[in-house]
Amino acid sequence: MSKHVAVLMGGWSSEREISLRSGNACAEALEGEGYRVSRVDVGPDIATVLTDLKPDAALNALHGPAGEDGTIQGLLEILKIPYTHSGVLASALAMHKERAKTVMRAAGVSVPEGRVVNRHDAAKSHPLTPPYVVKPIAEGSSMGVIIVREERSHPPQILASDEWVYGEEVLAETYIAGRELTCAVLGDRALGVTEIKPVSGEWYDFDAKYAGGGSIHVLPADLKLNIYQRVQELALTAHQALGCRGVSRADLRYDDTPGGTGALVVLEVNTQPGMTQTSLVPEIAAHAGLSFGELVRWMVEDASLNR
Numbered sequence: 001m002s003k004h005v006a007v008l009m010g011g012w013s014s015e016r017e018i019s020l021r022s023g024n025a026c027a028e029a030l031e032g033e034g035y036r037v038s039r040v041d042v043g044p045d046i047a048t049v050l051t052d053l054k055p056d057a058a059l060n061a062l063h064g065p066a067g068e069d070g071t072i073q074g075l076l077e078i079l080k081i082p083y084t085h086s087g088v089l090a091s092a093l094a095m096h097k098e099r100a101k102t103v104m105r106a107a108g109v110s111v112p113e114g115r116v117v118n119r120h121d122a123a124k125s126h127p128l129t130p131p132y133v134v135k136p137i138a139e140g141s142s143m144g145v146i147i148v149r150e151e152r153s154h155p156p157q158i159l160a161s162d163e164w165v166y167g168e169e170v171l172a173e174t175y176i177a178g179r180e181l182t183c184a185v186l187g188d189r190a191l192g193v194t195e196i197k198p199v200s201g202e203w204y205d206f207d208a209k210y211a212g213g214g215s216i217h218v219l220p221a222d223l224k225l226n227i228y229q230r231v232q233e234l235a236l237t238a239h240q241a242l243g244c245r246g247v248s249r250a251d252l253r254y255d256d257t258p259g260g261t262g263a264l265v266v267l268e269v270n271t272q273p274g275m276t277q278t279s280l281v282p283e284i285a286a287h288a289g290l291s292f293g294e295l296v297r298w299m300v301e302d303a304s305l306n307r
């Protein structure tokens, strides 16, 4: 009998629509690999739904809070349903950008300088000398990220408005000029390195991530061999330091601008990277010789408890 896999998708975070796209793509690929698949749009009744379904494993295609922060992972542990990606602790740790930086820094991974501030204080006066970046502590897909340029005389006022929905504390980080790089990790192996060049705008924002044609992916990234290998080393070290399992993706900046610092820093580790048609991990895996079907099969066969 074929293995029964529940693909968890949707949910109620700001990344719901992206999660549905990731989940449906994974479900279709798993069906093509011969698995019996249940597509599950996650809601408050998820414990009851999974208890009734009794799947052999869960492929977690949720993004953002509840799906990526250890919450759903803890529920799956209680229900004793083997699941993909990282476990409770690694998920919670990687989702909290400042605590993740503390752990990565202790492991020898270069991370941007920065500090946590109250959003109202950050709206009154610059928390750092511009240029700097303000970001929510625990969101994904570039949600709520603001780049404050050198010429900006006043801090971003949206931080003090009712429109801000990303929490009372924000992370202010030194802006790193240069190139946007990303590297996927599969188990204990770092895969290829991609450079991301947004088609419009200056950085890899939500639209560049998910709109068709929103960015150009250069794979393998055009880097000197030692830099390429260093990116892979940093991605794997960060993955291991945070205790990640299965698939993860590290996002980095490399300042090779004229007169720049030459800094190569890890911005964050994504424990639930996107699995849509424009997503980076499937593309990097394909470059390493793994089809999309083979990738999701590996993820499901890697599923376990106590991750």
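Numbering (full-length UniProt numbering), first residue to last: 1 to 307. Backbone N, C-alpha and C define an ideal beta-carbon position, used for all residues, glycine too. Here the structure is a predicted model, which is why all the values come from computation and not from measurement.
Compute the distance between the beta-carbons of residue i and residue j, then report whether it is under 9 Å.
i           : j           : result
residue 307 : residue 86  : yes
residue 58  : residue 122 : no
residue 82  : residue 4   : no
residue 47  : residue 243 : no
residue 80  : residue 305 : yes
residue 70  : residue 104 : no
residue 220 : residue 185 : no
residue 285 : residue 235 : no
residue 117 : residue 101 : no
residue 281 : residue 33  : no
residue 19  : residue 9   : yes
residue 76  : residue 93  : no
residue 293 : residue 27  : no
residue 159 : residue 126 : no
residue 266 : residue 37  : no
residue 230 : residue 187 : no
On the DSSP bridge assignment, give the partners of residue i in chain order.
i           : result
residue 313 : What the structure shows of the chain is the stretch from 1 to 307, and residue 313 is not part of that stretch, so it cannot be assessed.
residue 189 : 186
residue 95  : Residue 95 pairs with nothing; no bridge assigned.
residue 227 : Partner(s): none; residue 227 has no beta bridge.
residue 9   : 41
residue 116 : 171
residue 270 : 249
residue 196 : 180 and 217
residue 166 : Note: residue 166 sits in no beta bridge, so no partner.
residue 126 : None; residue 126 has no bridge partner.
residue 57  : 5
residue 265 : 253
residue 36  : 4
residue 350 : The chain is shown only over 1 to 307; residue 350 falls outside these bounds and no answer can be derived.
Classify residue i: buried if its beta carbon has 16 or more other beta carbons within 10 angstroms, exposed otherwise.
i           : result
residue 157 : exposed
residue 23  : buried
residue 279 : buried
residue 182 : buried
residue 268 : buried
residue 97  : buried
residue 232 : buried
residue 258 : exposed
residue 144 : buried
residue 72  : buried
residue 25  : buried
residue 167 : exposed
residue 113 : exposed
residue 288 : exposed
residue 68  : buried
residue 53  : exposed
residue 115 : exposed
residue 11  : buried
residue 226 : exposed
residue 208 : With a pLDDT of 46 at residue 208, under the threshold of 50, the predicted position of this residue should be treated as unreliable, though the coordinate-derived value follows. Buried.
Please check if any C-beta of chain B sits within less than 9 Å of the C-beta of residue i.
i          : result
residue 37 : Absent here is chain B; the protein component of the structure consists of one chain.
Would you say the beta carbon of residue i comes nearer than 8 Å to a heavy atom of the ligand NAD?
i          : result
residue 36 : By its list of ligands, the structure shown contains no ligand whatsoever, and the ligand NAD lies outside what it can speak to.
Touch check for the region 266-276 and the region 243-254: three-plus C-beta pairs under 8 Å? yes
Q: Answer yes if the region 255-262 comes into contact with the region 171-186, meaning at least three C-beta pairs across the two stretches below 8 Å, and no otherwise.
A: yes
Using 8 Å as the cut-off, can you tell me whether the region 13-27 makes contact with the region 55-64, which would need three or more C-beta pairs spanning the two stretches below that distance?
yes
Problem - Cβ contact (3+ pairs, closer than 8 Å) linking the region 133-150 and the region 167-175 - result: yes
- Message: With a threshold of 8 Å, are at least 3 pairs of Cβ atoms found where one atom belongs to the region 77-91 and the other to the region 235-246?
- Response: yes
Any chance you could list the alpha helix (DSSP H) runs of at least 4 consecutive residues sitting entirely within the region 59-83, in chain order?
71-79
query = Pairing CB atoms from the region 190-201 with CB atoms from the region 212-228, are three or more of them under 8 Å?
reply = yes
Whether or not the region 123-132 and the region 142-153 are in contact is what I'm after, with contact meaning three or more pairs of Cβ atoms, one per stretch, closer than 8 Å; do they touch? yes
Original post:
Between the region 294-301 and the region 37-45, do at least 3 Cβ pairs fall closer than 8 Å?
Top reply: no
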